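When the letters of the sequence shown are read in order and numbered with numbering that gives the first Met the number 0, they come out as residues 0 to 782. No residue lacks a Cβ here, since even glycine has one placed at the ideal position from N, Cα and C. All of these numbers come straight from a predicted model, not from anything done at the bench. Only one structure is covered here, and it is reproduced in the block below.
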Amino acid sequence: MEQRRSSQSFKRKELVAKLNATGVRAFKAAADTAKLRGNPYVELAHFIQQLVLSERSDVQMIVADAGLDVSRLTADMTRAIDKLPYGATSVEEFSDHIFHAIQEGWNLATLEFGVEEVRSAHILLACLKTPALEGLVSKISAEFDKIDADGVISRFADVTEGSLEAGSPPVAAAAETPVKRGPGGESALAKYATDLTQRARDGKIDPVVGRDPEIRQIVDILMRRRQNNPILTGEAGVGKTAVVEGFALRIAQGDVPPTLQNVSVRMLDVGLMQAGASVKGEFEKRLKAVIDEVQASETPIILFIDEAHTLIGAGGAAGTGDAANLLKPALARGELRTIAATTWAEYKQHIEKDPALTRRFQVVKIDEPSEAVAVLMLRGVAGVLEQHHKVQILDEAIEAAVSLSHRYIPARQLPDKAVSLLDTACARVAVSQHATPAEVEDMLRRRQALEVESGIIGREAAIGIDVADRQARVDAGLAETETALAAAQARWDREKALVAEILDLRAKLRGEGVPLDEEPAEETGGTETAEGGAKASEQKAPERKTGDGRAAEPKKAKASKAKGAKAAKAETVSAEPADEAAAALARLRELMAELAAAQGETPLILPSVDRNAVAAVVQDWTGIPTGRMLSSQTEKALRLATTLSERVVGQDHAMEMIARRVQTSRAGLGAPEKPVGVFLLCGPSGVGKTETALALAETLYGGEQNLISINMSEFQEAHTVSTLKGAPPGYVGYGKGGILTEAVRRKPYSVILLDEVEKAHPDVHEIFFQVFDKGMMDDSEGR
Numbered sequence: 000m001e002q003r004r005s006s007q008s009f010k011r012k013e014l015v016a017k018l019n020a021t022g023v024r025a026f027k028a029a030a031d032t033a034k035l036r037g038n039p040y041v042e043l044a045h046f047i048q049q050l051v052l053s054e055r056s057d058v059q060m061i062v063a064d065a066g067l068d069v070s071r072l073t074a075d076m077t078r079a080i081d082k083l084p085y086g087a088t089s090v091e092e093f094s095d096h097i098f099h100a101i102q103e104g105w106n107l108a109t110l111e112f113g114v115e116e117v118r119s120a121h122i123l124l125a126c127l128k129t130p131a132l133e134g135l136v137s138k139i140s141a142e143f144d145k146i147d148a149d150g151v152i153s154r155f156a157d158v159t160e161g162s163l164e165a166g167s168p169p170v171a172a173a174a175e176t177p178v179k180r181g182p183g184g185e186s187a188l189a190k191y192a193t194d195l196t197q198r199a200r201d202g203k204i205d206p207v208v209g210r211d212p213e214i215r216q217i218v219d220i221l222m223r224r225r226q227n228n229p230i231l232t233g234e235a236g237v238g239k240t241a242v243v244e245g246f247a248l249r250i251a252q253g254d255v256p257p258t259l260q261n262v263s264v265r266m267l268d269v270g271l272m273q274a275g276a277s278v279k280g281e282f283e284k285r286l287k288a289v290i291d292e293v294q295a296s297e298t299p300i301i302l303f304i305d306e307a308h309t310l311i312g313a314g315g316a317a318g319t320g321d322a323a324n325l326l327k328p329a330l331a332r333g334e335l336r337t338i339a340a341t342t343w344a345e346y347k348q349h350i351e352k353d354p355a356l357t358r359r360f361q362v363v364k365i366d367e368p369s370e371a372v373a374v375l376m377l378r379g380v381a382g383v384l385e386q387h388h389k390v391q392i393l394d395e396a397i398e399a400a401v402s403l404s405h406r407y408i409p410a411r412q413l414p415d416k417a418v419s420l421l422d423t424a425c426a427r428v429a430v431s432q433h434a435t436p437a438e439v440e441d442m443l444r445r446r447q448a449l450e451v452e453s454g455i456i457g458r459e460a461a462i463g464i465d466v467a468d469r470q471a472r473v474d475a476g477l478a479e480t481e482t483a484l485a486a487a488q489a490r491w492d493r494e495k496a497l498v499a500e501i502l503d504l505r506a507k508l509r510g511e512g513v514p515l516d517e518e519p520a521e522e523t524g525g526t527e528t529a530e531g532g533a534k535a536s537e538q539k540a541p542e543r544k545t546g547d548g549r550a551a552e553p554k555k556a557k558a559s560k561a562k563g564a565k566a567a568k569a570e571t572v573s574a575e576p577a578d579e580a581a582a583a584l585a586r587l588r589e590l591m592a593e594l595a596a597a598q599g600e601t602p603l604i605l606p607s608v609d610r611n612a613v614a615a616v617v618q619d620w621t622g623i624p625t626g627r628m629l630s631s632q633t634e635k636a637l638r639l640a641t642t643l644s645e646r647v648v649g650q651d652h653a654m655e656m657i658a659r660r661v662q663t664s665r666a667g668l669g670a671p672e673k674p675v676g677v678f679l680l681c682g683p684s685g686v687g688k689t690e691t692a693l694a695l696a697e698t699l700y701g702g703e704q705n706l707i708s709i710n711m712s713e714f715q716e717a718h719t720v721s722t723l724k725g726a727p728p729g730y731v732g733y734g735k736g737g738i739l740t741e742a743v744r745r746k747p748y749s750v751i752l753l754d755e756v757e758k759a760h761p762d763v764h765e766i767f768f769q770v771f772d773k774g775m776m777d778d779s780e781g782r
């Protein structure tokens, strides 16, 4: 074996260095395949298979030109590899046949084609022309016998036209690092990372508002000489990624220090790097290739790693290192600048436990914004949503999206939940302007169902079954449905015509620069301002044409007859658009009033995204009726005693006391941290205790489904406390939550009825002390 190696013209390492990128990839993929299948040696069959599988390679072009059966060829290669010995835990050696094939390919490339690089076609053709290798290739698959090697050599340029190997340089002999080119010649950085600064220059990133302090803090950290790696920590949905996008926007606009002017921010896709990296070491190889490209890039690159905790343990088996260890040396030396983002829980669980990694990052806290700041954030993205959905968003919708999401969707964070709410409302308004309304569609389905039932009744009547009552009921239902459907269709057509005219008027007014608003008082003010501005600009335009270099004084200066005529003409022209805009605004007010009268409380088509549209989405998400949220809290509280007395007869004094407590809370006179009310209802069975709770749920929160009823007679033992709030850590059932805490988390605006509370164990009573006092309870997970 050693004599055979010494007789070779080049050492193995020098031979592999003559391969182009496709050949090196196939060479390494052959080793990975052998390792994955447990083969002790990397054989020629592994190498040939990878050459055939290389996308748009020379070999694929030759296979297509020769008309080989690709499916049969693939099956033959798989069978040839299946026949090889297996069960090894590691690859011991590369077969001599592989290096023989590479050497013969290099001989063919230099002597026949006069090139130094060895392409995949050179290797395959050399195997077919070398007697010692031709038999091995034929054993792999008889399909290779169909290739005319001499004919391919004579027509090489035509056969390999379109191959990605044309012009691919050979790999240097000293290059021992993993290849940085992905399939198709794509760099690792381009394959696994997204250029945020380029997206910002292309206008593909939404505006970022309200995060200036955090962005300035990131700039401060990046400007350090060492430990210049910020890590953004915050709950999901607070806008950690948006902060980095805002930083990319500043770079694109040049609003950063000179050191960061030409920096490129690349967002690393850790999931994409892990996809397909089933072989041990493959993930680390990809990450190392990305790091090497970042360090070798002429343009300074900052890596943004979202969900950075996924790197901890990625690619490492139990007892071994992980991919994060590859980052530590570069981060410590300041050669790699990185922005990471993760949640507080993941940071504490994964990153904080590694002090060596923690000290290389500087924490930047991203807190949930206040409602006022969230409104500013939504105003920044409202224009993007309008352009996408082709609808108009009123400012009241933005404020409602923030306030309603903050109040009724406590499980998520601002501004994420407000943006989702507003986006959904925009989608619903856009759909309402072009699709059949749900009310009309439901009637059509009901009519169809009644017609089907009527057909069944007719078949039964034909065989003598008495169906007169059913037929009369179905006929009455059909007649009623037809009448309601006709009314709904007429109303839909009317609303559709009105909305179409309103949208046309708005488009016309927007084109003339007149601000739009649906409030008459605001419309008037905006119109006067716009008209005043238009008149002022149009009066100044003739003055700028005079070229006298000074401000005109129309009341004092003496103008010539010609100039006076021009000024009069300008005033007439400027007055015409102002009159048209005023008439259009007046017509718009009339149409809006007419549409409001036609729609009533259940509109079929929405002309714009307003507070009602946002509240309707919240109703679908939380189950709290829209009317309840949009009606005045004061009016609801004032009617409470009467409403409760209508449900619970003969208990007026009790209903009055309950209503008075709720009114106190609604008026803001009670402690804000306390619950709306805690009531102990005493009395014999049948007097209306449970009915009072049902009436409260119906009146305050829109339905009896918002009543959480718990039978306390089932909690007569002390250990049953865990059933209410969840099992503690280490016990069976931990992490599943309790029946009370989970019910309140799903429906936070509810009435809780503790039935037969006197039968519960005293320890169970104690957990409600904080609930009665503060209106809150922590479950076993601290939520």
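Counting only residues of its own chain and dropping the five nearest sequence neighbours on each side, valine 255 has a CB closer than 6 angstroms to the CB of Arg249.
DSSP places lysine 746 outside both helix and strand once states are collapsed to three, so it counts as coil. With contacts defined as CB atoms closer than 8 angstroms, arginine 285 and tyrosine 407 fail to qualify as a contacting pair. According to the DSSP assignment, alanine 339 belongs to the beta strand (DSSP E) that extends over 336-341.
Note that the C-beta distance between valine 207 and glycine 245 is below 8 angstroms. For glutamine 348, the CB contacts under 8 angstroms within the same chain, skipping 5 residues up- and downstream, are His308 in chain order. CA-CA distance, lysine 507 to aspartate 205, rounds to 27 angstroms.
From the listed residues Thr32, Met656 and Thr21, the smallest Cα separation to alanine 276 is found for Thr32.
Within the stretch 355-411, the complete alpha helix (DSSP H) segments at least 4 residues long are 370-388 and 394-407, listed from N- to C-terminus.
Shown here, threonine 193 sits in a strand according to DSSP, grouped into three states.
Annotation for aspartate 305: the continuous beta strand (DSSP E) segment containing it runs 300-305. Serine 708 is bridged by DSSP to Leu752. Restricting attention to Met656, Tyr85 and Ser53, the CA atom closest to the CA of leucine 637 is found in Met656. For leucine 699, the enclosing alpha helix (DSSP H) stretches over residues 688-700. In the three-state DSSP reduction, serine 186 falls in the strand class (E or B).
The C-alpha of alanine 329 lies about 24 angstroms from the C-alpha of valine 242.
Taking a C-beta distance under 8 angstroms as the contact criterion, proline 747 and proline 414 do not qualify as a contact pair.
Rounded to whole angstroms, leucine 35 and glutamine 273 show a C-alpha spacing of 17 angstroms. Residue burial annotation: histidine 387 is exposed, with fewer than 16 other C-beta atoms found within 10 angstroms of its C-beta. In terms of Cβ geometry, alanine 597 and glutamate 438 do not form a close pair [threshold 8 angstroms].
Ranking Phe714, Leu639 and Ala666 by CA distance to the CA of alanine 694 puts Leu639 first. One Cα belongs to glycine 457, the other to methionine 442, and the distance between them is close to 22 angstroms.
As for any alpha helix (DSSP H) of minimum length 4 sitting wholly inside the stretch 402-466, the runs are 415-431 and 437-461, ordered along the chain. Taking a contact as a CB-CB distance under 8 angstroms, the pair asparagine 38 and leucine 83 counts as one, their CB atoms being some 5 angstroms apart.
When DSSP reads this structure, phenylalanine 93 sits in a beta bridge with Val41.
Taking 8 angstroms as the upper bound for CB-CB distance, leucine 377 and leucine 421 are in contact here, some 6 angstroms apart. Buried is the label assigned to aspartate 609, since at least 16 other Cβ atoms lie within 10 Å of its Cβ.
Restricting attention to His433, Gly687, His405 and Ala666, the CA atom closest to the CA of glutamine 650 is found in Gly687.
Alanine 595 and tyrosine 700 have their alpha carbons spaced roughly 26 angstroms apart.
The beta carbon of serine 137 sits closer than 7 angstroms to the beta carbons of Phe143 and Asp144 from its chain, once the five residues preceding and following it are set aside; these are given in chain order. The three-state secondary structure of threonine 309, taken from DSSP, is helix.
No residue range can be given for serine 56, since it is assigned to no alpha helix (DSSP H) and is classified by DSSP as neither H nor E. The stretch 424-432 and the stretch 603-620 touch, with no fewer than 3 CB-CB distances between them shorter than 8 angstroms. Looking at the backbone, the Cα of alanine 592 and that of valine 237 are separated by about 40 angstroms. When C-beta atoms of the stretch 85-93 are compared with those of the stretch 146-155, fewer than three pairs fall below 8 angstroms, so the two segments do not count as touching. Annotation: the continuous beta strand (DSSP E) that includes leucine 231 extends over 229-232.
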